[in-house]
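Number 197 in the numbering used here belongs to position 134 of the sequence shown; there are no gaps in the numbering. A virtual CB, placed ideally from N, CA and C, is assigned to each residue, including glycine. As the structure is a computational prediction, the values presented were derived from the model and not from experiment.
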Amino acid sequence: MKLSFLIFAFLLGLTYAEQDEVIMAIVVEAGKTECLYQDLTNPKYVAFELDYQVTEGGDHDINFMIRNPAGMQIFRDDRKTDANHRIEVGVHGRGDYAICFDNSFSIQTKKTVFFELYLLDEKGNYLNSYDLFADANKAKAELSMQISDFDRITTKVKNNLNRMEQLQSQLRAVESRDRSVMESNFERVNFWSFVNLFVMIFVSGLQLFLLRSLFEENSKVGRLIRSGKLD
């Protein structure tokens with residue numbers, strides 16, 4: 064019964080835990096800059112790790128920057144497709160960090176950016192923000208399984224699951240980007256094929272018209288060609 068209570072308390076703690084990871088996609092319109100803000104005032108977070116990929120739009124590139132709580136720029140990528148950054152909070156200070164995607168260099172093409180952000184504790188764990196209730200701590204003395212072992216095992220499992228989810232998300236982002244490139248190339252090939260077809264039909268029609276004009280006595284174009292005035 065007490066073991067069930069301990070597990071329930073642990074799961075309830077996870078339910079109300081702070082959000083230690085953010086996975087989302089944003090659309091940055093042409094000529095615009097989109098910024099997101101991450102609060103890092105909690106002392107249990109010592110760093111955060113961020114990955115991003117441009118999955119759709121133009122040449123799949125974007126400007127990226129991170130500003131510390133003092134407003135100073137600490138990282139910048141110029142027109143990159145993807146990148147990974149790890150920021151140490153102890154070095155740059157605690158507070159709200161600005162994470163910005165800048166598409167101001169683009170005139171008409173919007174960009175879709177997929178990114179992941181993980182808050183890390185001193186052990187480098189993705190998720191270590193849950194706290195067990197006091198009653199659960201009292202019950203641990205009566206259980207054969209120590210709460211520290213339970214905590215260590217569940218944290219390790221969560222870290223492995225987070226890593227798997229991160230890799231799967233990155234693979235999905237790469238697949239989405241490749242599909243976008245293929246669709247863009249397909250549209251480009253279709254457009255130029257249509258242009259070439261139109262030019263071929265136009266040139267063929269022009270040649271046919273000129274040949275017919277050569278053999279028509281009343282044709283003004285034919286008389287000009289025969290007189291050599293078009294040379």
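Check the Cα spacing between V152 and each of V109, K95, R142: the tightest is with V109.
Rounded to whole angstroms, the gap between the alpha carbons of T175 and Q270 is 48 Å. In this structure, the straight-line span from the alpha carbon of K107 to that of C98 is close to 24 Å. A distance below 6 Å between beta-carbons, with the five flanking residues on each side excluded, links R130 to the following residues of its chain, in chain order: Q136, A161. DSSP lists M128 as the bridge partner or partners of R139.
In the DSSP assignment, A161 is bridged to Y100, R130. For the pair G134 and R157, the Cα-to-Cα distance works out to about 12 Å. DSSP places H123 in no alpha helix (DSSP H); its state is neither H nor E.
Judged by DSSP in its simplified three-state form, K173 adopts coil rather than helix or strand.
With a cutoff of 8 Å on beta-carbon distance, F111 and I86 are scored as not near each other. Residue range 84-91 is occupied by the beta strand (DSSP E) that includes V91. E246 sits in a helix when the DSSP states are folded into three classes. For F127, the number of other beta carbons within 10 angstroms of its own is at least 16, and it is reported as buried. By the beta-carbon neighbour count (other beta carbons within 10 angstroms, threshold 16), S256 is exposed. Of Y115, G120, N222, the smallest CA-CA separation from S247 is found for G120. Contact between N166 and A93 holds, since their C-beta atoms are separated by about 6 Å, short of 8 Å.
DSSP places V109 outside both helix and strand once states are collapsed to three, so it counts as coil.
The Cβ atoms of T144 and D124 sit closer than 8 Å to each other. Shown here, E280 sits in coil according to DSSP, grouped into three states, outside any helix or strand.
Listed in chain order, the non-local C-beta contacts of N147 below 6 Å within the same chain comprise D114, local neighbours out to five positions each way being set aside. Boundaries of the beta strand (DSSP E) around D145: 145-151.
In the three-state scheme derived from DSSP, where H, G and I count as helix and E and B as strand, E185 is classed as coil.
The C-beta separation of F164 from A236 comes to about 14 Å, leaving the pair out of contact by the 8 Å criterion.
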